[in-house]
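In UniProt numbering, the protein residues as written are 1 to 624.
All C-beta atoms, glycine included, are put in the ideal place defined by N, C-alpha and C.
See structure below.
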């Protein structure tokens, strides 16, 4: 039996190693000791510094006498030296501690990862404690050879597949472990347990329970330590159930007790209560009461279920509470409209950036050029030829634009129109339509967005219309809006944000307001009479800077909802066109910077004044 366990050859090889070591120099002895026990089991990183966990030889002291016993002390010192200078990260299956559990895993580094390292490995959505726990569990499975064991997946079920893959990739990069070898060693241990169970049936009855639990682990550990294998005849005898020689049975029983006691002292293990005294009367009574309690709970649940079913049959008309927060099921027709308006594309079409942008650039620049030509030859109609002769031209033009915006907003509430609205009144970076840039200027989906834009369109649009006329005003409005969305589309495509969409008249309104303030760049504006006289108002350039600053500040917000690119591009278009209009109109809407202090000082009041009703635009010119 000792040959089957690998104990006899182990003693021989150990004596040979000790004898050869005594004939060499002390330095060679130390080197050979460390090499001989290079694959021995080790506890935790702190075990070597504790006197209670000091390593001991697995052989009984009576087996070594004289010089061999002295050499064994040197071997102990070699093992302790290795434990002091060794790393705390366990990488080999043979070094797996006996108290290892899959739920706790093993340490993969000297210290856990910090918040920054967790963010670099897993990204957002994983806290530091959970990340370190996942890494410990997976590292333990790599060492224990249970990485693909489905019975242990319950400990990592809370982590997603992406998080587990990221953790494994990090561990395989930073902590190299031979996972294939560890899995093979674990398979050998499981096979050894089956062999031990077969051998345990032939041992005395008082030793069977102990041998079945200790024999497999101890024999397999010693075989890996000394690289020995059981003899073939002993394996065949054990498999066939033949009785081994009595001297081998006695030796295995003695060695088994010594090995078990040594392991318990080394790792501070204690046998379970049931293994020492068996199952007591109180344990049986407690188990019987627990079964009765569980059966009573099942009976009560079954009675409650039957009672509820009976009450439901007796009260078919009982009112039920409706969860108002739950979403209502869509009607078949609504589902049909929803499917028709939804794109069937799984991903953006494979196109280059130039292919996505050049059609929109060609169409928009052509429309702006055509509008500029028409504005040059446009002649305002006579009052008798106008559709609404009693309405001022500025109000008629701006109200028409506002009506168009309201009509498009209403169409978003009509499900059959969703398909057309998504195609021509929404700018999609993945599939841009050139004409959708024009429709997007008139498109709003929320009533609050529409109301704010229309308020500013009325306030600045009517004033700019009175300054430059209908043709120039419409050219500023549409040029600012289309160029703004063209710049926004360019930014989304170049940055690769093909999932973004945008809509609204904000770019056009920013262009109209900028054009108006540029025409009065050096004039002072008072808001609701502030600042009071004799102080001058804020210049038009100040309001332009305020609008620009608001958009720049929005870029620093965590939740960015403004299309800053279209706003800034619309302001640039409005400023450029106002300069063109000012020069075309003979510089009659404000002087140069040098002539301004010598000719006039203009003050404009926004929101009321002393000479006109509140809300009127007042301009007072003081001649010097």
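ask   = Below 8 Å between beta carbons: does that hold for residue 531 and residue 470?
value = no
* Asked: Beta carbon of residue 454, beta carbon of residue 510: below 8 Å?
  -> no
**Request:** Mark residue 344 as exposed unless 16 or more other C-beta atoms lie within 10 angstroms of its C-beta, in which case mark it buried.
**Result:** exposed
Residue nearest to residue 491 in terms of C-alpha spacing, selected from 357, 552 and 439:
357
request  = Please report the residue range of the beta strand (DSSP E) in which residue 469 lies.
outcome  = It is not in any beta strand (DSSP E) - residue 469 carries neither H nor E in the DSSP assignment.
*On the three-state DSSP scale, how would you describe residue 268?*
Residue confidence is low: residue 268 scores 47 on pLDDT, short of 50, so the model does not pin down where it sits. Its coordinate-derived value is still stated next. Reduced to three states, the DSSP call for residue 268 is coil.
(Q) Ignoring anything shorter than 3 residues, give me the beta strand (DSSP E) runs that lie fully in the region 479-519, in order along the chain. (A) none
Original post:
What three-state label does DSSP hand residue 538 in the structure shown?
Top reply: strand
| task | Could you spell out the range, first to last residue, of the alpha helix (DSSP H) harbouring residue 161? | result | 161-174
- Query: Do you know whose CA, among 462, 359 and 507, lies nearest residue 443's CA?
  - Reply: 507
Exercise. Which class does residue 456 belong to by DSSP, given the choice of helix, strand or coil?
Worked result: helix
**Report entry** Contact check, residue 135 vs residue 171, beta carbons under 8 Å
**Finding:** yes
Would you check if the region 509-526 and the region 427-439 touch, i.e. whether three or more CB-CB distances between them fall below 8 Å?
no
* Asked: Which residue's Cα is closest to the Cα of residue 337: 139, 412, 407 and 408?
  -> 412
Exposed or buried, residue 107, counting other C-beta atoms within 10 Å across all chains shown (16 or more means buried)?
buried
With C-beta atoms as the reference, is residue 540 less than 8 Å away from residue 523? yes
Just tell me which of 161, 192 and 105 has its CA closest to the CA of residue 122.
161
Item checked: Reduced DSSP secondary structure (H/G/I, E/B, other) of residue 584 -> helix
Measuring alpha carbon to alpha carbon, tell me which of 188, 414 and 570 ends up nearest residue 334.
414
Counted within 10 angstroms of its Cβ, other Cβ atoms place residue 174 as buried (16 or more) or exposed:
exposed
(message) Could you tell me the alpha carbon to alpha carbon distance between residue 313 and residue 342, rounded to whole angstroms?
(response) 44 Å
query: For residue 142 versus residue 188, is the C-beta distance shorter than 8 Å?
result: no
Q.
Within 8 Å, do at least three Cβ pairs link the region 548-556 to the region 488-504?
A. no
Spatial neighbours of residue 393 within its chain, please: C-beta separation below 8 Å, excluding the five flanking residues on both sides. 380, 386, 465 and 470
What's the gap between the Cα of residue 463 and the Cα of residue 395? 10 Å
message = Rounded to the nearest angstrom, what separates residue 433 and residue 479 at their Cα positions?
response = 17 Å
Quick check on the DSSP output: the beta strand (DSSP E) that includes residue 371 runs from which residue to which? Unbroken run through residue 371 is the alpha helix (DSSP H), 353-377; no beta strand (DSSP E).
Q) Between the C-alpha atoms of residue 183 and residue 93, what's the straight-line distance to the nearest angstrom? A) 8 Å
Note to self: Am I right that residue 331 and residue 486 are in contact with their C-beta atoms under 8 Å? What's the rounded C-beta distance?
What the structure shows: About 39 Å separates the two Cβ atoms, so there is no contact after all.
Considering only residues of the same chain and omitting the five flanking positions on each side of residue 494, which have a CB-CB separation below 8 Å? 353
Next on the checklist: Can you tell me whether residue 346 is buried or exposed? The criterion is at least 16 other CB atoms within 10 Å of its CB, across all chains shown.
Outcome noted: exposed
Residue 123 (DSSP reduced to helix, strand or coil):
coil
- Task: Quick one: residues in its chain with C-beta nearer than 7 Å to the C-beta of residue 418, no 5 flanking neighbours on either side, listed in chain order?
- Result: 337 and 341
For residue 346, which three-state DSSP category applies?
-> coil
Q.
Looking at residue 536: is its Cβ nearer than 8 Å to the Cβ of residue 449?
A. no
Q. Taking Cβ to Cβ, would you say residue 673 is nearer than 8 Å to residue 578?
A. The displayed coordinates of the chain run from 1 to 624. Any statement about residue 673 would go beyond what the structure contains.
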